[in-house]
Amino acid sequence: VPPIIKDLAEGYRARACYAGLDLFVTFDQCSLDSRSRDLTTFQTPRGALQLTCIPMGYTNSV
1442 VPPIIKDLAE GYRARACYAG LDLFVTFDQC SLDSRSRDLT TFQTPRGALQ
1492 LTCIPMGYTN SV
């Protein structure tokens, strides 16, 4: 479960923290077209899953 930004910020109050964060999760809000979702199917112990948003970190993986 993703942390709530308010709780995350409270935990780092008055501390130095160096990180690159996408606090608005804008990249994950780009939905994949329903016709493309079959191309992202992968198998897990819980069954087959499909991505519904643009994946991150898969540059040149095709």
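Remember, the working numbering sits 1441 above the position in the sequence shown when you count from 1. For every residue, glycine included, the Cβ atom is placed at its ideal position computed from N, Cα and C.
For ALA1455, there is no enclosing alpha helix (DSSP H), as DSSP gives it neither H nor E. Out of ARG1456, THR1493, ALA1457, the CA that lies nearest to the CA of LEU1480 is found in THR1493. The shortest CA-to-CA distance from ILE1495 to any of SER1477, ALA1455, ILE1445 is the one to SER1477.
Distance from the CA atom of SER1472 to the CA atom of ALA1450, rounded to whole angstroms, is 27 Å.
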